[in-house]
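Every number in my numbering is 1441 more than the matching position in the sequence shown, counting from 1. Ideal Cβ positions, reconstructed from N, Cα and C, are used throughout, including at glycine. In this text the structure is predicted, and so the values were computed from the model without any measurement. Scroll down for the structure; my scribbles are underneath it.
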Amino acid sequence: MNGKKTTEEERFVRLEEKCAYLEKLAFDLNDVVIAQGQLIDELVGRLDRVERQVRAGSDDEAIPHEKPPHY
């Protein structure tokens, strides 16, 4: 009977370890999602500024009419 109890305890410990691992994984993934959301917000803001420049016609001054250095 003692061997079965140990097996049940080991199984319970493994389940707790898996639960702790999954909980940490969820927190880590949440951090990634938050960082990506912040990056998306920043990129949308930059895109909006570029679109306003293009509509205003000021892109001629900001972007030189030169070939890129790799040509």
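In the three-state reduction of the DSSP assignment, Glu1507 falls in the coil class, being assigned neither a helical nor a strand state. The C-alpha of Lys1459 is placed about 38 Å away from the C-alpha of Val1485. Residue state for Gly1478 is assigned as helix, using DSSP reduced to three classes.
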